[in-house]
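Engineer: My structure is below; once you've seen it, I'll send some questions.
Numbering (our numbering), first residue to last: 95 to 333.
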């Protein structure tokens, strides 16, 4: 079996070397760049299976790298690993299309778990969506709700105002919602399905993610009709 390739763009030498060692022990091929511009060039040339990205880098910061990659590829899994631990930094990255975000200092076991989950998701997008919902178009595997449609196989969403590509993470969570219309889903269930870790790690992760989905699909994100909060529980999807 071909090893999965991970690119780490991290300027702190001891962190970069530690990540390379521990990821290599998990069976991954790991490449490290400590310069932002060189890291972006490496990604463009090699298209790794996962990018682990620091935000504060020399020559080109992580936000610019993220935006450059998302202009080229909406599907590429990206895990931000940053000393910036404010909520606004996490929200900004999630809205820009990051699949996951871990603040330094971090727990190694949790980091490796999230890496494994993102690698699995990078393989998932080519799988055929689950059947069983009457709102799936059997020929196109498209789910329709409100004035929007989502093709979970092609990772394409259409709304009255735009057509855009979804990230694998977005499609994964949408798949769970579409498979359970009208059923309350807890934050724990959403986190375990979409991120692969326990809800106690960061309940705000899901809340920030739902903000993004509402911006995509709701006529008025402040008065959602499809992705609805349930106090002290989680969220419910109404087609």
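Using N, Cα and C, we set each Cβ at its ideal position, and we do this for glycine too.
Note that the coordinates shown come from a computational prediction; the quantities given were computed from them, not determined experimentally.
1) For residue 151 and residue 172, which I take to be in contact (beta-carbon distance under 8 Å), what is that distance rounded to the nearest angstrom?
2) Evaluate residue 198 with the Cβ neighbour count: other Cβ atoms within 10 Å of its Cβ, from every protein chain shown; 16 or more gives buried, anything less gives exposed.
3) What does the Cβ neighbour count give for residue 251, buried or exposed, with the cut at 16 atoms within 10 Å?
4) Within a Cβ cutoff of 7 Å, which residues of the same chain sit near residue 242, ignoring the five residues on either side of it in sequence?
5) Between residue 295 and residue 186, what straight-line distance do the alpha-carbon atoms span, to the nearest angstrom?
6) By the 10 Å Cβ neighbour count, where 16 or more other Cβ atoms means buried, how is residue 261 classified, buried or exposed?
7) Can you list the beta strand (DSSP E) stretches of 3 or more residues lying completely in the region 120-175, in chain order?
8) What's the gap between the Cα of residue 308 and the Cα of residue 118?
9) Our contact map puts residue 142 next to residue 100 with C-beta atoms below 8 Å; I'd like the distance itself, whole angstroms only.
10) From the DSSP output, which residues share a beta bridge with residue 257?
11) With DSSP collapsed to three states, give me the class of residue 194.
Structural biologist: Quick look at the numbers:
1) About 14 Å; that fails the 8 Å criterion.
2) exposed
3) buried
4) 251, 252, 253, 311
5) Confidence at residue 295 is low in this model, with a pLDDT of 49, below 50, so its placement is unreliable and no value can be given for it.
6) buried
7) 123-127, 144-147
8) 38 Å
9) 6 Å
10) 252
11) strand
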